[in-house]
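Heads up: the sequence shown begins at 1 in the working numbering, then just goes up one per residue.
Beta carbons are placed, not taken as given, at the ideal position from N, Cα and C, and that holds for glycine.
Structure, as structure tokens:
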Amino acid sequence: MKFKRLLVLLLAISALTVPCKLFAQEVTVAGKITDGKTNQPLSRATVKVKNTNTSTLSDDNGNFTIKAPSAESVITVTYVGYAVYETKAGTGNLSISLTDLGTNLNEVVVIGYGTQRVREVTGSVVAVDLKKLEDFPTASVTEALRG
Numbered sequence: 001m002k003f004k005r006l007l008v009l010l011l012a013i014s015a016l017t018v019p020c021k022l023f024a025q026e027v028t029v030a031g032k033i034t035d036g037k038t039n040q041p042l043s044r045a046t047v048k049v050k051n052t053n054t055s056t057l058s059d060d061n062g063n064f065t066i067k068a069p070s071a072e073s074v075i076t077v078t079y080v081g082y083a084v085y086e087t088k089a090g091t092g093n094l095s096i097s098l099t100d101l102g103t104n105l106n107e108v109v110v111i112g113y114g115t116q117r118v119r120e121v122t123g124s125v126v127a128v129d130l131k132k133l134e135d136f137p138t139a140s141v142t143e144a145l146r147g
């Protein structure tokens, strides 16, 4: 008799949890990220599912694909010099246009652990002209930067 009650109780609990699992299905979100003014694709934009460790980068054409826990998950898109963009994952294809912040990036130094304004940097900073590096007959970029 106790076995039947336990069996009925377990069946009831599992029947109640099935609808919850149906609503929390993982969705694949795909889209394209472009500049809001020029409509040019933005490559290497960071796409992240908010409050998770799931992230990806857009490809050379601004396209990305990411899996989110549900359609209600928030997708965050970041790119240096542009405002952060957030939207719900939904179920369709996203078309994201980022807004330029209009800041002068010459005043910002990107370092291994964040960014700082030039006037706040305590170490030495050197700007390297790409055209000069192209003229060096070296096997690697590291050799060209030496000295």
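Where does residue i fall in DSSP's three states?
i    : result
T91  : coil
T76  : strand
E86  : strand
T142 : helix
S43  : coil
S14  : helix
K48  : strand
K4   : helix
K32  : strand
K131 : helix
N63  : strand
L101 : coil
Given a threshold of 16 other Cβ atoms within 10 Å of its Cβ, counted over all protein chains shown, does residue i qualify as buried or as exposed?
i    : result
G102 : exposed
A30  : exposed
V128 : exposed
T34  : buried
I13  : exposed
A68  : buried
Starting from the Cα of residue i, find the closest Cα among the options and give me that residue.
i   : options                : result
R44 : T65, N53, T28 and Q25  : T65
T52 : N93, T76 and G36       : T76
D60 : P69, Q40 and K67       : Q40
L42 : K50, I96, S55 and S140 : I96
E86 : N63, V80, K50 and G62  : K50
T91 : G62, Y82 and Q25       : Q25
Can you check whether the CB of residue j is closer than 9 Å to the CB of residue i?
i   : j   : result
A71 : K88 : yes
V27 : S73 : yes
L94 : K37 : no
T78 : T46 : yes
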